[in-house]
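Okay, structure first, notes after.
Residue numbers (our numbering): 2 to 150.
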């Protein structure tokens, strides 16, 4: 029987998390969009002023998934958790790791007294959409994503 552990990410986990981020980018057909360096990633999560936090899912000591979040502020709702990515490596999907990670995020949200959790999902990603429907997620088709470099 495989031992599954959900724990807070540590700096030493960053190379593996970046591998999973690259796997996600390939799945989302955006492989060349990942430009963050390991050094920047580590500093952003474990430097003097971290801007992100994460949980990892280990199976027998090997990281098979992660959930990375940060705190955003809504002028209407206050502090909210923003789920940037939740990823389970393809070979380990269907074992409940995604649910374990998401439920740990919900616990963290309550522990930190945040006013909710928000995220985005690609409209064509039916497996992810169906996963979030299990949590009675609300889907908003009104807002348009914007970015600027």
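Even for Gly, the Cβ is constructed at its ideal location relative to N, Cα and C.
* **C-beta contact flag for residue 47 and residue 78 at 8 Å** => Along the chain shown, read from residue 1 onward, the residue named residue 47 stands at position 46. Along the chain shown, read from residue 1 onward, the residue named residue 78 stands at position 77. Not in contact: residue 47 and residue 78 (Cβ atoms no closer than 8 Å).
* Nearest-angstrom Cβ-Cβ length linking residue 56 and residue 107, presumed shorter than 8 Å -> Numbered from its first residue, the chain shown carries residue 56 at position 55. Numbered from its first residue, the chain shown carries residue 107 at position 106. With 8 Å as the limit, residue 56 and residue 107 do not qualify as a contact, their Cβ atoms being about 11 Å apart.
* **For residue 136, the first and last residue of its enclosing beta strand (DSSP E)** => Here residue 136 corresponds to residue number 135 of the chain shown, with the count starting at 1. Here residue 136 belongs to no beta strand (DSSP E), and DSSP marks it neither H nor E.
* In the region 2-89, which residue ranges form an unbroken beta strand (DSSP E) of at least 3 residues, counting only runs that do not cross its ends? -> Taking only runs of at least 3 residues, the beta strand (DSSP E) segments lying wholly in the region 2-89 are 5-9, 54-60, 63-75, 79-89.
* Asked: What does a CB cutoff of less than 8 Å around residue 25 pick up in its chain, not counting 5 residues either side in sequence?
  -> Numbered from its first residue, the chain shown carries residue 25 at position 24. Excluding positions up to five away in sequence, the list reads 86, 88.
* C-alpha distance - residue 119 paired with residue 61, whole-angstrom precision -> In the chain shown, the residue the question calls residue 119 occupies position 118. In the chain shown, the residue the question calls residue 61 occupies position 60. If I take the Cα positions, the gap works out to 30 Å.
* **Alpha carbon of residue 33 to alpha carbon of residue 21, nearest angstrom** => As a working note, residue 33 is residue 32 in the chain shown. As a working note, residue 21 is residue 20 in the chain shown. Between residue 33 and residue 21, the C-alpha separation is close to 14 Å.
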